[in-house]
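Chains as they are written, first to last, in this note's numbering: chain A, 61 to 371; chain B, 61 to 371. For glycine and all other residues, C-beta sits at the position ideal for the given N, C-alpha and C. Notes follow the structure.
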């Protein structure tokens, strides 16, 4: 297969292929040793569809609804009721970000990490996108899969650096992207060591481990987890800005990619605002200022989803 | 080369080769899919020599001495003076564990993660062991290198899970063990995101990120970083106990190895006490109770260090 087959010829495609060739070709003035060829990608909206809501939000809402069905008194709290109805703005208005997060974490609190991984994997097998009518896991971006392939063929190591829950993304990262669980960095809750029925278990707590993996925590967690500065970084919201800046300001040449969701016909059209910092500069504005490569879904991608998705 | 060439025939060697064969051979009743073949090893005292002191302690003492040479008033604090003299018990008596850790972190606080990695790598090139007279980095255990090779040949993924500083171990993990930086889990300090002279930098803080990676934090950090439960685990102190229990009590067969330092002629003889919890049960006692495989350095290892080490 031709490299980047679903990418239309244009600036973005040329920027990618040119960069990969320059850093991978021995003797090139911009050659980078294979051990330093680290690539990081945001997940939601960068590798797969994040609209009309985050995939993990649908999972969480389903869990919350099941919990309220068993304990109706929980549904009397306004933040719970709004969240279970999928009305995030109302949940935010009722409980603020803290109340929303507390409610969101509740259904999976107290269960083991193993049980969570199984529940997430099971749910992801079938849970279906409301508009496209196919499982969420089919809604990965075909051009990005081709980009991952191109990078792998050129000895890059690829990591997902997601604002989403690390264990949720891990449940499908191998199947969707060929990326093993240990190469996924994300937000996470605290886990508590316990011996239960003679087995060591790690029990999920109702609080985050550090901050959610958006904004400045992204480079910090890249260093904590990967230990090397990336030379390729891709994202689609203001929450990815610091990660892209980190890649750009290392000692090596870099490629910073911003996916611009400008195609409401084949996917969605929306600005790349930050979830945790709604007032932040849209990422496409930052990209223009700092010289990053903007990928127009409408213009640069001949195809959005893989062939098995009927859209 | 024959597998495990530096291992003498005996129970430990048979336990290892038997286990690896059983879980790797398709059709075996104990077969484990390659994706679940995760192996974790403690570093200090398990993969390389940790006596008479931790390698990182020598690094830190050198840094502290240099700092005191420039700011003599620092040396007037009893905990600092004791630590700079390498007298850990006196430093503990003067400042407690907290004061000791604070003093130990001080010399590398405020520098960037990149600068720390460079300083550690440079120091590790030449810094020499007081008894053996060769660089510390030569004092890896030859039998353990052979074990890592055997596991790799059988499609295991191998991680270092160290109580030591993650960025210190990473500075040599690839060279010493063929283990890339992102496959090292360890203790770490908080890093602060900063833009310095137009570059994103991560600045080391004077406090740990979470707890030091000893005891119950080991399984928690394995889950946070690797996302799969190991089926092989090796350690040498009570601080590794929970990690070995975690491997033992998963859904797959497991191999738990304890390195018993019982050879004061060729290396050192000491009980596997915990650094952070001195009252904990010695790991060899736990091993006997839980049926783990104890590796006697004296009996099971025909050779301790690689051939290029003149001991």
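- The closest CA to that of residue 90/A, considering only 356/A, 359/A, 312/A, is found on 312/A.
- The three-state reading of DSSP puts residue 277/A in helix, counting H, G and I together.
- Taking C-beta atoms under 8 Å as the contact rule, residue 346/B and residue 274/B fail to qualify, at a distance of about 15 Å.
- Contacts with chain B at 8 Å (Cβ-Cβ) do not include residue 168/A.
- Here DSSP, grouped into helix, strand and coil, assigns residue 86/A to coil.
- In the DSSP assignment, residue 67/B forms a beta bridge with 361/B.
- Scanning 292/A, 350/A, 280/A, 321/A for the CA closest to the CA of residue 212/A turns up 292/A.
- For residue 98/B, the enclosing beta strand (DSSP E) starts and ends at 98-101.
- Straight across, the Cα-Cα distance linking residue 151/B with residue 289/B is about 37 Å.
- Fully enclosed beta strand (DSSP E) runs of no fewer than 3 residues occupy 217-225, 244-247 of the segment 200-249 of chain B, in order along the chain.
- Three or more pairs of CB atoms, one per stretch, sit closer than 8 Å, so the segment 253-267 of chain A contacts the segment 165-179 of chain A.
- Of the other Cβ atoms in all chains shown, 16 or more fall within 10 Å of the Cβ of residue 320/B; this residue is therefore buried.
- For residue 309/A, the C-beta contacts it makes with chain B under 7 Å involve 258, 259, 260, in order along the chain.
- Contacts between residue 198/B and chain A, judged by CB atoms closer than 8 Å, are missing: the closest CB pair is about 22 Å apart.
- Here the C-alpha atom of residue 157/A lies approximately 46 Å from the C-alpha atom of residue 128/B.
- In this chain, the alpha helix (DSSP H) harbouring residue 174/B covers 173-186.
- Put simply, the backbone Cα of residue 204/B is about 6 Å away from that of residue 107/B.
- The residues 84, 94, 97, in chain order, have a CB closer than 8 Å to that of residue 215/B in the same chain once the five nearest residues on each side in sequence are set aside.
- In this model, residue 183/A and residue 119/A are separated by some 7 Å (Cα to Cα).
- Contact note: residue 276/B reaches chain A through 253, using a C-beta cutoff of 8 Å and chain order.
- Contacts with chain B at 8 Å (Cβ-Cβ) include residue 230/A.
- In this structure, 103/A is the residue among 103/A, 68/A, 367/A with its C-alpha nearest to the C-alpha of residue 246/A.
- Counting only Cβ-Cβ distances below 9 Å, residue 242/A has contacts in chain B at 98, 217, 219, 242, 243, 285, 286, 287, 288, in chain order.
- Going by beta carbons, residue 279/A and residue 268/B fall outside the 8 Å limit.
- Chain A places no beta carbon closer than 8 Å to that of residue 178/B, leaving this residue out of the contacts.
- Among the bridge pairs identified by DSSP, residue 261/A is matched with 254/A.
- By the rule that beta-carbons nearer than 8 Å mark a contact, residue 115/B does not touch chain A.
- Proximity of chain A to residue 267/B at the Cβ level (cut-off 7 Å) is not reached, the minimal Cβ distance being about 13 Å.
- One Cα belongs to residue 332/B, the other to residue 306/B, and the distance between them is close to 18 Å.
- Counting along the chain, residue 319/B sits inside the beta strand (DSSP E) bounded by residues 315-320.
- Assigned with DSSP and collapsed to three states, residue 141/A falls in helix.
- With 16 or more other CB atoms across the displayed protein chains lying within 10 angstroms of its CB, residue 344/B is buried.
- The alpha carbon of residue 266/A has as its nearest neighbour, out of 140/A, 354/A, 164/A, 272/A, the alpha carbon of 164/A.
- Counting only the Cα atoms, residue 294/A lies some 46 Å from residue 65/B.
- Taken atom to atom, the span from the alpha-carbon of residue 110/A to that of residue 225/A is near 14 Å.
- DSSP places residue 271/B outside both helix and strand once states are collapsed to three, so it counts as coil.
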